[in-house]
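Everything below concerns the one structure shown next.
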Amino acid sequence: MKPWRWTVGVAVVAFLAGIAGVFAGRVLMPARAPASELHDVLHHQLKLDAGQEARIEVIERQFAMRRRALELELRAANARLADAIQAEHGNGPKVAAAVDSSHVAMGELQKATLAHIFAMRQILHPDQADKFDRAVVKALTVDAR
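Here it is, written out as structure tokens:
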């Protein structure tokens with residue numbers, strides 16, 4: 114067998130093994146979004162009573178509507194940024210204004226999310242709040258470690 118064919122064969126096998134490894138890793142250890150872990154703690158680990166569940170349900174419904182509106186606002190800001198980039202082909206005044214608009218939308222979404230978290234926390238008993246706080250901190254720092 115010619116040396117270059119052997120090299121290509123090894124490269125193909127290594128590539129396929131890498132793909133298989135990524136696939137196996139995702140199947141065996143699927144990534145969980147921090148928000149989903151926080152939701153799991155809130156609804157499955159804190160042992161909420163019926164009154165707490167009902168009050169949190171209302172808070173979550175209200176936040177879902179607010180979050181959707183803010184996400185649409187952020188998408189619109191990103192579309193304006195794309196238009197500005199296409200028009201200016203550089204970091205001009207339209208791009209800078211669109212970036213600022215996008216940052217405002219992101220900030221509003223973050224503020225609303227925090228208000229939502231604090232509203233739910235107010236419903237919890239002190240022992241539940243401690244566990245909830247740890248889950249919030251973990252969700253915020255999962256990528257920082």
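Going by the numbering used here, 151 is the number at position 38 of the sequence shown; the sequence numbering is gapless. Backbone N, C-alpha and C fix where the C-beta goes; we use that ideal spot for every residue, glycine too. Note that the structure is a prediction, hence the values are computed from the model and not measured.
Query, Result
"For Asn-204, three-class secondary structure by DSSP", "coil"
"Residues near Leu-183 by beta carbon distance below 8 Å, same chain, minus five either side", "Ala-218, Glu-221, Leu-222, Ala-225"
"Ile-230 - DSSP class collapsed to helix/strand/coil", "helix"
"Local conformation of Asp-162 per DSSP, three classes", "coil"
"Residues near Val-154 in its chain [Cβ-Cβ closer than 7 Å; skip 5 each side]", "Lys-244, Phe-245, Ala-248"
"Exposure label - Met-178; buried when at least 16 CB within 10 Å", "exposed"
"Three-state class that DSSP yields for Ile-236 in the structure shown", "coil"
"6 Å CB neighbourhood of Ala-211 in its chain, flanking five on each side removed", "Arg-193, Leu-194, Ala-197"
"Counted within 10 angstroms of its Cβ, other Cβ atoms place Val-208 as buried (16 or more) or exposed", "buried"
"Rounded separation between Arg-180 and Trp-119 - CA only", "55 Å"
"Residues of its chain near Gln-165, where Cβ-Cβ distance is below 6 Å and the 5 sequence neighbours each way are ignored", "Ile-236"
"8 Å contact criterion, which His-229 and Ile-172 should meet: CB distance rounded", "7 Å"
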